[in-house]
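K.L.:
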Amino acid sequence: MERKKSQILFNFLPQDTFNHARNGTIGKVSWIFEDRRSAVGELPVPYILRRIRPKISQWDNDVPLTASEVELVSPDDIKFDVFPTVFECRVCSACTPFDDDRIEQGRPPYCGNCDRRLTDTEQLQFVMVCPCGDIDSVPLPRCNSCNNRNVRFRRPTSRMRDAYWECLDCAPNGYIGHAYEHIDRCHYCGNNRKIKVHSSSTTFYPQLSKFVNINDEDIDILQDSTAYQAQVIAEYLLDDGGDSGNVEIDDAVLEQLDISEEEYREAQEEAHADIEERREELEEWARDAFPDEDRRQISEELFEYRSLVDDVDSDIDATTLESLQEAAGQRADLDRALVDDFLDARDALRLSEVRLITDFPITTVVYGYSRTEAEPSDGVFLRTFPGEGGGDRMFAMTAEAEAVMFSLDPEAVIDWLDVNDILHERPEENVEQWLLERLRQYPYFREVDPVHDGPAARYTLTLLHTMSHLVINGVDALSGYSKSSLIEYLLPHTLSFVVYKHTDTDYSLGAMHTLAEKRFRELGDYIQNEGDVCIYDPVCEHEENAACEDCLYISNIACDNGNHNLSRSTLYGGEFDGETIAGFLDV
2 MERKKSQILF
12 NFLPQDTFNH
22 ARNGTIGKVS
32 WIFEDRRSAV
42 GELPVPYILR
52 RIRPKISQWD
62 NDVPLTASEV
72 ELVSPDDIKF
82 DVFPTVFECR
92 VCSACTPFDD
102 DRIEQGRPPY
112 CGNCDRRLTD
122 TEQLQFVMVC
132 PCGDIDSVPL
142 PRCNSCNNRN
152 VRFRRPTSRM
162 RDAYWECLDC
172 APNGYIGHAY
182 EHIDRCHYCG
192 NNRKIKVHSS
202 STTFYPQLSK
212 FVNINDEDID
222 ILQDSTAYQA
232 QVIAEYLLDD
242 GGDSGNVEID
252 DAVLEQLDIS
262 EEEYREAQEE
272 AHADIEERRE
282 ELEEWARDAF
292 PDEDRRQISE
302 ELFEYRSLVD
312 DVDSDIDATT
322 LESLQEAAGQ
332 RADLDRALVD
342 DFLDARDALR
352 LSEVRLITDF
362 PITTVVYGYS
372 RTEAEPSDGV
382 FLRTFPGEGG
392 GDRMFAMTAE
402 AEAVMFSLDP
412 EAVIDWLDVN
422 DILHERPEEN
432 VEQWLLERLR
442 QYPYFREVDP
452 VHDGPAARYT
462 LTLLHTMSHL
472 VINGVDALSG
482 YSKSSLIEYL
492 LPHTLSFVVY
502 KHTDTDYSLG
512 AMHTLAEKRF
522 RELGDYIQNE
532 GDVCIYDPVC
542 EHEENAACED
552 CLYISNIACD
562 NGNHNLSRST
572 LYGGEFDGET
582 IAGFLDV
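Quick look at the structure:
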């Protein structure tokens, strides 16, 4: 059964169910065949596992994923089994179970009550799911009077609590019991199971992580080298644009500056020495300021960020609004006045940079799944995908996606924190260094804790995440993309986020870049004037911290933080965490 890689990765994973497009049969994926032509198998599995370990550790069960027993697979095709194996006759409503052997032999199913041949579309659409991850066909109860299993599943309303079983042999007095009558507890964990429509989102939640530029060979060095981690942090804070020690200068410029070439070289060497001294200071600070794991996580994020913004050494094709402004005189399709207006719109949003990326190098890895809940909860387990030899499989796809990166202005963020009385003392210089020390990675599956993590982290990370979702809402409203085709990637320590195109969508390439190059003012106006609208206000603002399904939530696959740490009040003002605050756009 052929599917696009991204479709398999998100919609056809092992133990997930689906409706066959041709005949309507409900199936459950049993195996994913590997694309052996892909280079996915060469990705650094130890690095991937270390990055996802904090997520895995929060689940109730022990998930011993180890590099030596994990196979990283690029999906190519799938195998599936007919599931569930209970059919419901559309004529007499009788439910008839069939064993796997009969189905695999291709023998046609017949109704156990009226002996009518059943079609592919008469499978009972309900399944039994357990928080531990188990899934099964709905078991049929025996009649208390005649001891037969010739039953039908009555559903007078759409609510499962109104459903009940009825014996056809004892009708019209064949009531057996409610939907869950005679249903045993899960034989794996002993918990109660739930009856769900097989296609319900709650029956299967893929658990995944995303990585930028994971193929870079320096990733391996970064994992274990404290010196290299400190170097990456220092380079980010210096942001000197590369080596300044061998810059040639024209004689006419020297004459205009009224200095000799020797004096210029001396000044250049002195400046270079100052930079190196500052670099050493920052590297020492980076080694001392953070615990080992925090320093490693921060350096990994900054490594990803610099791979996207380094215009000298990076192979990534990217364009900023400033570079569009410079190119306006040479490109007939660019209006200089329009680009100037875009820069004004960017500044009004208090952004420091907007960067268009043609080939955003994103790797998505699916390492397991859960049922009934998308996030860790009491009794909810994370299940992995078993391989053939007793180990586990993870499924991955690397793509170059069309993307736009947005960065908040650090000085504007400090101004906003100051207005809201979050700062004990305003940092007068080294704002990026101050933020680097006080921010953190987004916590998996929960809100940033203002007590444990600090109010500056709570406010700033909620602001950044909210801006990301508002950009997605704006792209959805103004371009050919819908929310379901867009995904975010958060880089919190750099006050940046990337919105990129889901690779399995069929929209024409260039729509996001066209939006940035031609309609950025409209995007800015949308965020300024329409982003604060929610049909559930004032309830949303007062009771949901100004974030809900109508105004800010997107799908769990698209969101990098599970729809946590969101509030319209951070941008527009209003109630946030029980306080009335000033909005970022109003300061």
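Numbering-wise (my numbering), the sequence shown opens with residue 2 and increments by one. Beta carbons are placed, not taken as given, at the ideal position from N, Cα and C, and that holds for glycine.
(1) Can we count residue 562 as close to the ligand SAH, meaning its CB is less than 6 Å from some heavy atom?
(2) With a cut-off of 8 Å on the beta carbons, I'd call residue 408 and residue 344 a contact; round off their distance for me.
(3) Which runs of the alpha helix (DSSP H), 4 residues or longer, sit entirely within the stretch 291-347?
(4) Under the DSSP definition of a beta bridge, which residues are partnered with residue 400?
(5) Going by C-alpha to C-alpha distance, which of 213, 460 and 71 sits closest to residue 304?
(6) For residue 120, which option in 137, 127 and 110 has the closest C-alpha, if you only look at C-alpha atoms?
(7) Considering only C-alpha positions, which residue in the set 175, 90, 101 and 76 is nearest to residue 82?
(8) Name the two residues that bound the continuous alpha helix (DSSP H) containing residue 85.
(9) What residue from 175, 156, 237 and 220 has the CA that sits closest to residue 197's CA?
(10) Express the C-alpha separation of residue 147 and residue 171 in angstroms, rounding to a whole number.
(11) Measure from the alpha carbon of residue 557 to the alpha carbon of each residue in 431, 489, 545 and 279, then state which is nearest.
(12) Residue 75 to residue 399, Cα distance in whole Å?
(13) Where does the unbroken alpha helix (DSSP H) through residue 153 begin, and where does it stop?
(14) For residue 428 and residue 517, I'd like the C-alpha separation in whole angstroms.
(15) Here's a check: name, in chain order, each residue in its chain whose Cβ is nearer than 7 Å to the Cβ of residue 447, leaving out the five neighbours to either side.
(16) Could you please give the first and the last residue of the uninterrupted alpha helix (DSSP H) stretch that includes residue 525?
(17) Assuming residue 567 and residue 463 are in contact, meaning their beta carbons sit under 8 Å apart, how far apart are those beta carbons, in whole angstroms?
(18) Would the beta-carbon of residue 573 fall within 7 Å of that of residue 551?
(19) Report yes if the CB atom of residue 66 is closer than 7 Å to the CB atom of residue 50, and no otherwise.
(20) Which of the three DSSP states, helix, strand or coil, is assigned to residue 137?
(21) DSSP has residue 357 in a bridge; who is on the other side?
(22) From the DSSP output, in three-state form, read off residue 430 for me.
(23) Which ranges would you report for the alpha helix (DSSP H) in the stretch 434-488 if only whole runs of at least 4 residues count?
(24) If you follow the alpha helix (DSSP H) that residue 55 is in, where does it begin and where does it stop?
(25) Here's a check: name, in chain order, each residue in its chain whose Cβ is nearer than 7 Å to the Cβ of residue 133, leaving out the five neighbours to either side.
(26) Assuming residue 60 contacts residue 444 under a Cβ cut-off of 8 Å, what Cβ separation, rounded to an integer in Å, is found between them?
(27) Using beta-carbon positions only, say whether residue 230 and residue 300 come within less than 7 Å of one another.
(28) Under 8 Å by Cβ, that's how I've got residue 130 and residue 373 pegged, so tell me the actual separation to the nearest angstrom.
(29) Out of 347, 457, 571 and 298, point me to the one whose CA is closest to residue 322's CA.
P.N.:
In terms of the structure at hand:
(1) Absence of the ligand SAH from the depicted structure is noted, as is the absence of any ligand whatsoever, leaving it without description.
(2) So it is not a contact: roughly 14 Å between Cβ atoms.
(3) 293-310 and 322-328
(4) 363
(5) 213
(6) 110
(7) 101
(8) Unbroken run through residue 85: none, as it is neither H nor E.
(9) 156
(10) Our two residues, residue 171 and residue 147, have alpha carbons roughly 8 Å apart in a direct line.
(11) 489
(12) 9 Å
(13) Residue 153 -> not in any alpha helix (DSSP H); beta strand (DSSP E) instead, spanning 152-155.
(14) 33 Å
(15) Hits under 7 Å: 565.
(16) 521-530
(17) 7 Å
(18) In this structure, the beta-carbon distance from residue 573 to residue 551 does not fall below 7 Å.
(19) yes
(20) strand
(21) 320 and 405
(22) coil
(23) 456-479
(24) It spans 46-57 - the alpha helix (DSSP H) in which residue 55 sits, taken as one unbroken run.
(25) 187, 189, 190, 192 and 382
(26) Between residue 444 and residue 60 the Cβ distance is about 15 Å, and since that is not below 8 Å, they are no contact.
(27) yes
(28) 6 Å
(29) 347
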